[in-house]
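Colleague: Quick mapping for you: the protein sequence lines, in order, are chains A and B. Per my numbering: the first sequence = residues 720 to 834. Per my numbering: the second sequence = residues 305 to 420. Even glycine gets a Cβ: it sits at the ideal position worked out from N, Cα and C.
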Amino acid sequence: EPEVTQTPSHQVTQMGQEVILRCVPISNHLYFYWYRQILGQKVEFLVSFYNNEISEKSEIFDDQFSVERPDGSNFTLKIRSTKLEDSAMYFCASRRDFSSYNEQFFGPGTRLTVL
Amino acid sequence: GENVEQHPSTLSVQEGDSAVIKCTYSDSASNYFPWYKQELGKRPQLIIDIRSNVGEKKDQRIAVTLNKTAKHFSLHITETQPEDSAVYFCAASEGDSGAGSYQLTFGKGTKLSVIP
Chain A
720 EPEVTQTPSH QVTQMGQEVI LRCVPISNHL YFYWYRQILG QKVEFLVSFY NNEISEKSEI
780 FDDQFSVERP DGSNFTLKIR STKLEDSAMY FCASRRDFSS YNEQFFGPGT RLTVL
Chain B
305 GENVEQHPST LSVQEGDSAV IKCTYSDSAS NYFPWYKQEL GKRPQLIIDI RSNVGEKKDQ
365 RIAVTLNKTA KHFSLHITET QPEDSAVYFC AASEGDSGAG SYQLTFGKGT KLSVIP
């Protein structure tokens, strides 16, 4: 069964540094998402992406964040200048379409640690 | 925006007993309600979902009920087993309307412990 993949599994960075988190969604899916989960807390929506543009973003997704689909397979989340509070597990998810099947499939996550 | 409340935050049951987790939502436009199971350090995995045109759905030992009028939905696990121990998240989204990004709004999670 196809799965969403993410790299790296764990990223450690210094405060103020830029990080790029990578995701490969399921190949025939059209909607892509980033969520984050601070340790012990609920999963929070960051941004959704469809047809090569952001379709929705949360208040968490400020100017420090950006997303890109640089080619036909990868979907990336960039944090320009990391803060301590950006430490979290970041999940990528993908969804086939909007017509009748709504399940979002999650990747294994990237644990981001900002020191 | 949507707000999802989930109770209880922790739940301990004896193996073989039933477990019930309850969620409420605020946005009447939400019409898709998935439940995800997350084992420690793993990705959330869908275990069951329900759409608003259905009041109940069952899959073996797992069932979900939905009361659209009251904006409540619940997860029921019968004959619990130790491998059911995990964190369970409910979520809501506005699915199938033909517009929007259908992002999920999650509850805070319930840590279920099944005691052998």
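(1) On a CA-only basis, which of A:Q733, A:Y750, A:T732 is nearest N793 of chain A? Give me that one, please.
(2) Within the stretch 721 to 789 of chain A, note down every full beta strand (DSSP E) run reaching 3 residues or more, in order along the chain.
(3) Am I right that S378 of chain B and I325 of chain B are in contact with their C-beta atoms under 8 Å? What's the rounded C-beta distance?
(4) Is Y336 of chain B near L350 of chain B, with beta carbons less than 8 Å apart?
(5) In chain B, which residues lie less than 9 Å from F780 of chain A when you measure between Cβ atoms?
(6) Do you know how far the Cα of Q385 of chain B is from the Cα of D363 of chain B?
(7) Using a threshold of 8 Å, state whether the C-beta atoms of F824 of chain A and V723 of chain A are closer than that.
(8) For the ligand PLP, I want to know if Q407 of chain B counts as a neighbour, meaning its beta carbon is within less than 7 Å of at least one of the ligand's heavy atoms.
(9) Tell me which same chain residues have a C-beta within less than 7 Å of the C-beta of P312 of chain B, skipping the five on either side of it?
(10) Quick check: is the beta carbon of K372 of chain B nearer than 8 Å to any beta carbon in chain A?
(11) Mind checking the stretch 738 to 753 of chain A against chain B and listing, in chain order, the residues whose C-beta falls within less than 9 Å of any C-beta there?
(12) If I measure Cβ to Cβ from K361 of chain B and keep anything under 6 Å in the same chain, skipping five residues before and after, which residues do I get?
Modeller: In brief:
(1) A:Y750
(2) 724 to 726, 729 to 732, 738 to 743, 750 to 756, 762 to 769, 772 to 776, 784 to 787
(3) 7 Å
(4) no
(5) By Cβ distance, chain B contributes nothing, its closest Cβ being about 11 Å from F780 of chain A, past 9 Å.
(6) Their backbone Cα atoms lie some 15 Å apart in a straight line.
(7) yes
(8) For the structure depicted, the ligand PLP is absent and the ligand set is empty, with no information on it obtainable.
(9) T414
(10) no
(11) Y750, Y752
(12) I354, V368
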